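Okay, so the sequence shown: first residue is 1 according to this note's numbering, each after it adds one. Here is the structure we will look at.
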Amino acid sequence: MLLSSVDISLWEWWKSDRQTVRTEFLDNGGDPNISDAFLINGQPSDLYPCSRSDTFKLTVEYGKTYLIRMINAVMNNIMFFSIANHSVTVVGSDASYTKPIKSDYITISPGQTIDFLLKANQKPSHYYMAAHVYRTAADYDNTTTTAIIEYKGNYTSPSLPLFPSLPMINDTNASVSFTGRLRSLGNKDYPVDVPKNVTNMYFFTFSINAVPCFNNSCDGPLNQRLLASVNNITFVQPSIAILQAYYRRIRNVFGDDFPSDPPFTYNYTADNVPQALWTPRNGTEVRVLEYNSTVEIVFQGTNTVGGIDHPIHLHGQSYYVVGWGFGNFDRDRDPLNYNLVDPPLVNTIAVPINGWTTVRFKASNPGVWLLHCHLERHISWGMEMVFITKDGKGKEARMLPPPPDMPPC
Numbered sequence: 001m002l003l004s005s006v007d008i009s010l011w012e013w014w015k016s017d018r019q020t021v022r023t024e025f026l027d028n029g030g031d032p033n034i035s036d037a038f039l040i041n042g043q044p045s046d047l048y049p050c051s052r053s054d055t056f057k058l059t060v061e062y063g064k065t066y067l068i069r070m071i072n073a074v075m076n077n078i079m080f081f082s083i084a085n086h087s088v089t090v091v092g093s094d095a096s097y098t099k100p101i102k103s104d105y106i107t108i109s110p111g112q113t114i115d116f117l118l119k120a121n122q123k124p125s126h127y128y129m130a131a132h133v134y135r136t137a138a139d140y141d142n143t144t145t146t147a148i149i150e151y152k153g154n155y156t157s158p159s160l161p162l163f164p165s166l167p168m169i170n171d172t173n174a175s176v177s178f179t180g181r182l183r184s185l186g187n188k189d190y191p192v193d194v195p196k197n198v199t200n201m202y203f204f205t206f207s208i209n210a211v212p213c214f215n216n217s218c219d220g221p222l223n224q225r226l227l228a229s230v231n232n233i234t235f236v237q238p239s240i241a242i243l244q245a246y247y248r249r250i251r252n253v254f255g256d257d258f259p260s261d262p263p264f265t266y267n268y269t270a271d272n273v274p275q276a277l278w279t280p281r282n283g284t285e286v287r288v289l290e291y292n293s294t295v296e297i298v299f300q301g302t303n304t305v306g307g308i309d310h311p312i313h314l315h316g317q318s319y320y321v322v323g324w325g326f327g328n329f330d331r332d333r334d335p336l337n338y339n340l341v342d343p344p345l346v347n348t349i350a351v352p353i354n355g356w357t358t359v360r361f362k363a364s365n366p367g368v369w370l371l372h373c374h375l376e377r378h379i380s381w382g383m384e385m386v387f388i389t390k391d392g393k394g395k396e397a398r399m400l401p402p403p404p405d406m407p408p409c
């Protein structure tokens, strides 16, 4: 019996304003300061030097099942999450149903949502739920946040709740194993609408970059400034919104020639990418899509400066994740193993460290849509690009004008 649904959000906290954190690392050219705590529903838990009474508690009844809707609102980290003595059943991600997956832990990227069922079937007591980072590069907040599952009833509580077993912080296999199990509800009798005939094929590299700094004064590697790019272009925010410029036909705000492929081919995931390949170029380029055209994008992670997982998010619509792997994408071999039967439909997917992920979608939502890494430092460094989906024919296939009472930003 499903009793109720509960929202759980993962956050992080600094002893300073978030905008100040962002301004500092953009000014010094290095990585951001690590956070001082992680939070579950706004509370850091009794493992931090904070008030124990403020730890979030979820009260449950034995025998009942609860739908938990979780979002990762952490700025710069993919997170592992688990509940002591309880497995969960994942049933959705990014507002799309999935085939049920039973798991002892969850991997969740920034901006991603995971829906799961929790069955209160253990001995009535107190149990910790806990979360810590999954990390493959740079410094990180090596702390664990907790909340408490509290069963109703009369019983003697332990002095400390039971603690869950979380994957190790650097356990890449645990991360990709969870994500790789996600499947949509589609099957051969009830197929999902994954595009089979692709009209637009793109290959996008996602890279951390570095450029020389005045007097070698930056905090990045070799005293350079850290940047990031897609297909070796570091996105430059225009002074006029691209949405406004496109629909009002304002010229010289953006270019419409974002490259379909990187400017040159190299061993993207080599152990040591030559420093000559670290430097990107600046640009404000978009890719224009015809209404209802079909798109395939290979997201290729690179090891320039250093490899790391990239949770890639698309605004405006979801996409099907039809394949993924480690190393460099092989155009002849890898598409043979694409899942075109029940790929998950999501709007955020973590491209594995020094690996690739292929997505497909139909450009059926007219508008101006950002594609970017959901790690705050990476998008701040320029790891983003823009798709413009043109209007189609008919009222339902056109971008609606803003309402007359729409407040300004």
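Every residue gets a Cβ at the ideal spot worked out from N, C-alpha and C, and that includes glycine. From a predicted model like this one, the values you see are computed outputs, not experimental measurements.
Top-ranked residue by Cα proximity to residue i, from the options
i           : options               : result
residue 184 : 153, 373, 343 and 377 : 343
residue 210 : 16, 6, 382 and 5      : 382
residue 169 : 296, 311, 133 and 378 : 133
residue 258 : 236, 269 and 285      : 285
residue 270 : 390, 172, 305 and 36  : 305
residue 335 : 86, 224 and 321       : 321
residue 193 : 280, 339, 200 and 6   : 339
residue 70  : 118, 319 and 99       : 118
Secondary structure of residue i, DSSP reduced to three states
i           : result
residue 224 : coil
residue 112 : coil
residue 297 : strand
residue 46  : coil
residue 182 : coil
residue 37  : strand
residue 156 : coil
residue 240 : coil
residue 258 : coil
residue 12  : strand
residue 102 : strand
residue 84  : coil
residue 61  : coil
residue 389 : strand
residue 125 : coil
residue 69  : strand
residue 151 : strand
Sub-8 Å separation of residue i and residue j beta-carbons
i           : j           : result
residue 158 : residue 126 : yes
residue 130 : residue 146 : yes
residue 374 : residue 109 : yes
residue 128 : residue 162 : yes
residue 302 : residue 380 : no
residue 120 : residue 198 : no
Spatial distance of residue i from residue j (CA atoms)
i           : j           : result
residue 240 : residue 396 : 27 Å
residue 18  : residue 91  : 33 Å
residue 74  : residue 179 : 18 Å
residue 37  : residue 141 : 7 Å
residue 139 : residue 33  : 9 Å
residue 95  : residue 66  : 17 Å
residue 40  : residue 233 : 36 Å
residue 280 : residue 58  : 48 Å
Short CB-CB distance (under 8 Å) between residue i and chain C
i          : result
residue 90 : The structure shown contains no chain C; it holds only a single protein chain.
Segment contact, 8 Å Cβ cut-off, at least three pairs: the region 350-370 with the region 317-332:
Of all C-beta pairs linking the region 350-370 to the region 317-332, three or more are shorter than 8 Å, placing the two stretches in contact.
Would the region 245-253 count as touching the region 268-276 if we require 3 or more Cβ pairs under 8 Å?
Using a C-beta cut-off of 8 Å, the region 245-253 makes no contact with the region 268-276, since fewer than three inter-stretch Cβ pairs fall below that distance.
Validate contact between the region 354-368 and the region 378-393 using beta carbons, cut 8 Å, 3 pairs:
Flag = yes, the region 354-368 and the region 378-393 touch.
Examine the Cβ distances between the region 290-297 and the region 208-227 and report whether three or more of them are shorter than 8 Å.
These segments do not touch.
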